[in-house]
Amino acid sequence: MVITWKPLTDFQSNGPGLQYKVSWQQNDGEDEWTSVTVANVSKYIVAGTPTFVPYQIKVQALNDLGPAPDPLTIIGYSGEDLPMIAPGNLQVQVVNSTLVKVQWDPVPLKFVRGHLQGYKIYYWKVEHLSGKIKHHVEKRMLTFSGNRTHGMVPGLEPFNSYKLNVRVFNGKGEGPPSQDETFKTPEGVPSAPSFLKITNQNLDSLTLEWGPPSHPNGVLVGYTLKFQPINSTHELGHLEEINIAANETSLILSNLNYSTRYKFYFYAQTSVGSGSQLTEEAVIIMNGAKASRQVDIATQGWFIGLMCAVALLILILLIICFIRRNKGGKYPVKEKEDAHGDPEIQPMKEDDGTLGEYSDADDHKPLKKGSRSPSDRTVKKEDSDDSLVDYGEGVNGQFNEDGSFIGQYSGKKEKEPAEGNESSEAPSPVNAMNSFV
């Protein structure tokens with residue numbers, strides 16, 4: 001037993017030789033007072049006392065002049081020890097699938113062997129009633145302070161088997177546990193399905209897939225699907241309901257409206273009731289998920305812009321091809337030659353004095369019968385300023401009288417002889433034309 005006190009100050013001691021007289025006696029009064037005098041300390045340990053026995057205790061100060069007035073007597077206890085026995089008559093009452101009430105008989109104070117602090121309930125899950133055995137046991141504990149005889153245990157999982165026991169505890173620690181009591185929680189509503197996804201969207205149908213609840217909390221009896229359309233103003237349409245067997249994991253919905261948004265509500269059920277639901281939304285568009293993605297792409301701004309750019313590029317290419325084709329046409333002179341076939345030497349036009357069309361093929365043709373011979377009227381280069389240089393000769397002035405360039409229509413010509421009235425060869429086209437000037 002440990003006895004402590006608050007020492008006096010030098011002013012309170014009122015003289016030299018300050019000491020303390022410590023006295024104790026069991027509270028039952030059968031033993032005499034035991035005393036000891038100590039100095040310069042504020043604690044004294046009494047050995048050999050029984051466990052947690054009440055004592056009358058007092059501490060008196062004294063100095064060289066004598067003792068102080070008689071002090072007050074208080075009741076103290078010897079040292080605590082662990083409780084000796086466990087609570088008895090343990091009972092468990094199941095309130096619902098997540099709550100039980102536990103009752104017990106209290107431990108007599110003499111067996112607590114210390115200051116009663118309260119009771120503790122330990123509980124743990126043994127196995128799931130569906131047959132799943134718990135390999136890792138996690139114990140939980142609830143504390144109830146004071147001299148209690150019952151307590152509520154909440155937060156249990158439905159459709160499970162549990163064990164629990166009760167222990168009393170004091171300032172030293174806990175006593176032995178009571179015998180384990182086994183109990184079972186009834187079925188409850190299941191948790192939400194583990195997932196819900198929408199696949200294989202078609203023009204008027206889709207497929208729903210789901211996973212079973214992670215906490216069925218009982219035996220599943222089935223699933224319930226509810227769905228309804230949503231219009232452009234977010235108003236909900238008629239609600240339809242479908243019951244599905246517990247062993248199913250997918251469902252095909254058909255006869256849906258094209259280009260309509262639907263909202264789906266899905267939940268599992270046990271014999272107790274329906275669990276938490278999952279919700280999903282989907283739009284029925286074209287053929288399947290791929291078509292859905294195509295429609296989404298076709299409505300995107302970047303896709304429309306790309307298509308416009310491609311169309312513009314094609315139009316530009318067509319215009320370029322058309323222009324290049326027109327530039328590659330025939331020359332007017334050639335078209336006229338093709339139209340006349342085998343033309344004779346054309347005379348000069350009377351109105352403007354220009355030469356007619358000329359063909360390369362006529363360069364070396366003899367004059368036809370009845371054509372005029374140049375004879376002595378052949379014009380030479382030096383006889384007239386108005387005459388042309390012999391065609392084909394190597395001087396630079398190969399132009400007719402109106403400045404047109406004759407060389408573009410013929411090759412180099414042989415020069416006619418200037419003497420004689422007649423020639424064995426026909427005159428060149430140039431000389432023939434000059435004869436008409």
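Residue numbers for the sequence shown, in my numbering: 1 to 437. For each residue, glycine too, the CB sits at the ideal point set by N, CA and C.
Give the DSSP-derived three-state secondary structure of residue i in the structure shown.
i    : result
E357 : Note on E357: pLDDT 45, under 50, position unreliable in the model; the coordinate value appears next. Three-state DSSP puts E357 in coil, outside helix and strand.
N326 : helix
A282 : strand
S194 : strand
Y44  : strand
M1   : coil
G155 : coil
V211 : The sequence shown places Gly at residue 211, not Val. In the structure shown, G211 sits in a strand (DSSP, three-state: E or B).
P16  : coil
L203 : coil
Can you find the residues in the same chain that come closer than 8 Å, C-beta to C-beta, to residue i, ignoring five residues on each side of it along the sequence?
i    : result
R113 : T51, F52, E80, D81, L82, P83, M84, N170 and K172
D204 : S254, N255, L256, N257, Y258 and I284
Q277 : A192, Y265, F266 and Y267
D31  : Q25
L8   : L18 and A61
How far does the beta strand (DSSP E) with residue i in it extend, from its first residue to its last?
i    : result
Q19  : Q19 to Q26
S35  : T34 to V38
S161 : N160 to N170
G173 : Counting along the chain, G173 falls outside any beta strand (DSSP E), and DSSP gives it neither H nor E.
T182 : E181 to K184
I'd like the list of long-range same chain contacts for residue i, defined as Cβ closer than 6 Å, with 5 residues on each side in sequence excluded.
i    : result
R167 : K120, E174, G175 and P177
T73  : Q56 and K58
Y77  : F52 and P54
T37  : Q19 and K21
T260 : P229 and I284
Indicate whether residue i and residue j have their beta-carbon atoms separated by less than 8 Å.
i    : j    : result
T249 : W210 : yes
I284 : L206 : yes
K448 : S42  : Here the chain has residues from 1 to 437 only, and residue 448 is not among them.
V102 : K163 : no
G218 : P190 : yes
E240 : K226 : yes
A282 : Y262 : yes
N165 : E181 : yes
V94  : T185 : yes
P106 : T143 : no
L99  : M141 : no
V46  : F183 : no
W104 : G88  : yes
E138 : P158 : no
S194 : P213 : yes
N27  : N63  : no
Starting from residue i, follow the alpha helix (DSSP H) in both directions and report where the run begins and ends.
i    : result
Q228 : From DSSP, Q228 is part of no alpha helix (DSSP H) but of the beta strand (DSSP E) over L220 to I230.
F52  : No alpha helix (DSSP H) holds F52; DSSP gives it neither H nor E.
D10  : D10 to S13
Looking only at its chain, what residues have a beta carbon closer than 7 Å to the beta carbon of residue i, apart from the 5 residues adjacent to it on each side?
i   : result
Q12 : none
For this session: Note down, one range per segment and in chain order, each beta strand (DSSP E) of at least 3 residues found wholly within the stretch 60 to 146.
Result: 74 to 77, 88 to 96, 99 to 105, 116 to 128 and 140 to 145
Problem set entry | Segments of 3+ residues assigned as beta strand (DSSP E) that fall wholly inside the stretch 234 to 278 | The DSSP assignment places 240 to 244, 250 to 253 and 261 to 270 as complete runs of the beta strand (DSSP E) inside the stretch 234 to 278, in order along the chain (cut-off: 3 residues).
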